[in-house]
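Structure first, commentary second.
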Amino acid sequence: MKKPIIALTPSYGEATVVINRRYMDAIQKSGGIPILINLTYDEDVMLKYAEIADGFLFTGGDDVDPVLFGETVHEGFGDFCHERDTLELPLARRVFELGKPMLGICRGIQTLNVAFGGSLYQDIPIEYSKKISHRQQPPYYIPSHTVSVAEDSLLFDIIGEKEYGTNSMHHQSIKKLAEGWKISAKASDGTIEAIERDGYSFALGLQWHPEHLFATDEKSRRIFETFIKACQK
Numbered sequence: 001m002k003k004p005i006i007a008l009t010p011s012y013g014e015a016t017v018v019i020n021r022r023y024m025d026a027i028q029k030s031g032g033i034p035i036l037i038n039l040t041y042d043e044d045v046m047l048k049y050a051e052i053a054d055g056f057l058f059t060g061g062d063d064v065d066p067v068l069f070g071e072t073v074h075e076g077f078g079d080f081c082h083e084r085d086t087l088e089l090p091l092a093r094r095v096f097e098l099g100k101p102m103l104g105i106c107r108g109i110q111t112l113n114v115a116f117g118g119s120l121y122q123d124i125p126i127e128y129s130k131k132i133s134h135r136q137q138p139p140y141y142i143p144s145h146t147v148s149v150a151e152d153s154l155l156f157d158i159i160g161e162k163e164y165g166t167n168s169m170h171h172q173s174i175k176k177l178a179e180g181w182k183i184s185a186k187a188s189d190g191t192i193e194a195i196e197r198d199g200y201s202f203a204l205g206l207q208w209h210p211e212h213l214f215a216t217d218e219k220s221r222r223i224f225e226t227f228i229k230a231c232q233k
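The sequence shown runs 1 to 233 under the numbering used here.
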């Protein structure tokens, strides 16, 4: 069985490309070959990434610019990277057109939702609820709250549990769900924690960070392994 090439979206600085190595380690240990997507405004280059990679991991990072889902900046909004938004949203749509597997983590689930017409709470405590703290302190390999997993979901097929403990390192979440996607997990305060797309090769968005749980949690490893298997088809 071939080792699939997995393209990952990093964060971009003025002269740097930055990514948490745990993403790349999880992909490699699960049987994939990770590559980084360089910042580009050249549509041909972006489309070539979509063609050469077998699967795509949209990683965590800065907030998504609210202009992209029809809002102005509200209180509590954090930093954003216009260049990253400009690359990732059309890339996600092109990957979808090609039918290739996609996994979104933290910012990544938000990127997928906005790319396909959804919107976000710009700050959960201000705009939605303070019932749960969604920004835990380190260490991040320890779960901080549970999520309820829909039994008729890909996520349930992977982890096999209706209640699952996750870490939590975000202050934004999905407000309006993008058309064509469905909710596969929620926190007890109603925050959408996972989404997926039926009838597609593999399209899963997670609000938590399974790469931080990879070394200690079998179910987190299964998420990456299932993604890699989908990329091998």
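Idealized CB from N, CA, C, for every residue including glycine.
Notebook entry, point to check: What's the gap between the Cα of proline 101 and the Cα of alanine 203?
Noted result: In the sequence shown, the residue the question calls residue 101 occupies position 101. In the sequence shown, the residue the question calls residue 203 occupies position 203. The alpha-carbon atoms of proline 101 and alanine 203 are separated by roughly 6 Å.
Next item on the list: List the residues that DSSP assigns as beta-bridge partners of threonine 9.
Entry: Sequence index remark: in the sequence shown, residue 9 carries index 9 (1-based). Per DSSP, Phe58.
Next item on the list: Could you tell me which residues DSSP puts in a beta bridge with arginine 135?
Entry: Position 135 of the sequence shown, counted from the first residue, corresponds to residue 135. In DSSP, arginine 135 forms a bridge with Met169.
Checklist line | Residue nearest to aspartate 54 in terms of C-alpha spacing, selected from Gly99, Lys130 and Ile159 | finding: To locate residue 54, count along the sequence shown from 1; it is residue 54. Taking only the C-alpha atoms, the option nearest aspartate 54 is Gly99.
Note to self: Using the Cβ count rule (16 or more neighbours within 10 Å means buried), how would you classify valine 18?
What the structure shows: Counted from its first residue, the sequence shown places residue 18 at position 18. Valine 18 should be labelled exposed.
Notebook entry, point to check: So, tyrosine 49 versus leucine 89, is the Cβ gap smaller than 8 Å?
Noted result: Here residue 49 refers to the residue found at position 49 of the sequence shown. Here residue 89 refers to the residue found at position 89 of the sequence shown. Not closer than 8 Å, so no.
Margin query: So, for asparagine 113: in the same chain, excluding its five sequence neighbours on each side, which residues have a beta-carbon less than 6 Å away from its beta-carbon?
Written below: Here residue 113 refers to the residue found at position 113 when the sequence shown is read from its first residue. Cβ within range, chain order: Ile174 and Ala178.
Checklist line | Of the residues Leu36, Ser133, Ile109 and Gly104, the one placed nearest arginine 21, counting alpha carbons only | finding: The residue given as residue 21 occupies position 21 in the sequence shown. Comparing Cα positions, the closest option is Leu36.
Note to self: Using C-beta distances below 8 Å, list every residue in its chain close to tyrosine 121, excluding the 5 sequence neighbours before and after it, in chain order.
What the structure shows: Sequence index remark: in the sequence shown, residue 121 carries index 121 (1-based). If we look at tyrosine 121 and ignore the five residues flanking it on each side, its Cβ neighbours are Glu127, Tyr128, Gln172, Ser173, Ile174 and Lys175.
Checklist line | Cut-off 6 Å between Cβ atoms - residues of its own chain near leucine 213, not counting five sequence neighbours on either side | finding: For the purposes of this step, residue 213 is identified with residue 213 of the sequence shown, where counting begins at 1. Tyr141 and Ser220.
Next item on the list: Indicate the three-state DSSP secondary structure (helix, strand or coil) for glutamate 151 in the structure shown.
Entry: By 1-based counting over the sequence shown, the position of residue 151 is 151. Correct three-state label for glutamate 151: coil.
Check: In the structure shown, what three-state DSSP assignment does tyrosine 128 receive?
Finding: Walking along the sequence shown from the start, residue 128 turns up at place 128. In this structure, tyrosine 128 counts as coil in the three-state DSSP scheme.
Note to self: Let's test the definition: count the other Cβ atoms within 10 Å of the Cβ of isoleucine 52 and tell me whether it reaches 16, buried, or not, exposed.
What the structure shows: In the sequence shown, residue 52 corresponds to position 52, counting from 1. Classification for isoleucine 52: exposed.
Check: Taking the alpha carbon of phenylalanine 58 as the point to measure from, which residue in Leu47, Tyr41 and Val95 has its own alpha carbon closest?
Finding: Position 58 of the sequence shown, counted from the first residue, corresponds to residue 58. Comparing Cα positions, the closest option is Val95.
Margin query: Using the three-state DSSP reduction, which class does glycine 108 fall into: helix, strand or coil?
Written below: Mapped onto the sequence shown, residue 108 falls at position 108. If DSSP states are grouped into helix, strand and coil, glycine 108 belongs with the helices.
Next item on the list: Using beta-carbon positions only, say whether threonine 191 and glutamate 163 come within less than 8 Å of one another.
Entry: The residue labelled residue 191 in the question sits at position 191 within the sequence shown. The residue labelled residue 163 in the question sits at position 163 within the sequence shown. Contact: no.
Item checked: Terminal residues of the beta strand (DSSP E) in which proline 4 lies -> Position 4 of the sequence shown, counted from the start, is the residue given in the question as residue 4. No beta strand (DSSP E) contains proline 4, which DSSP labels as neither H nor E.
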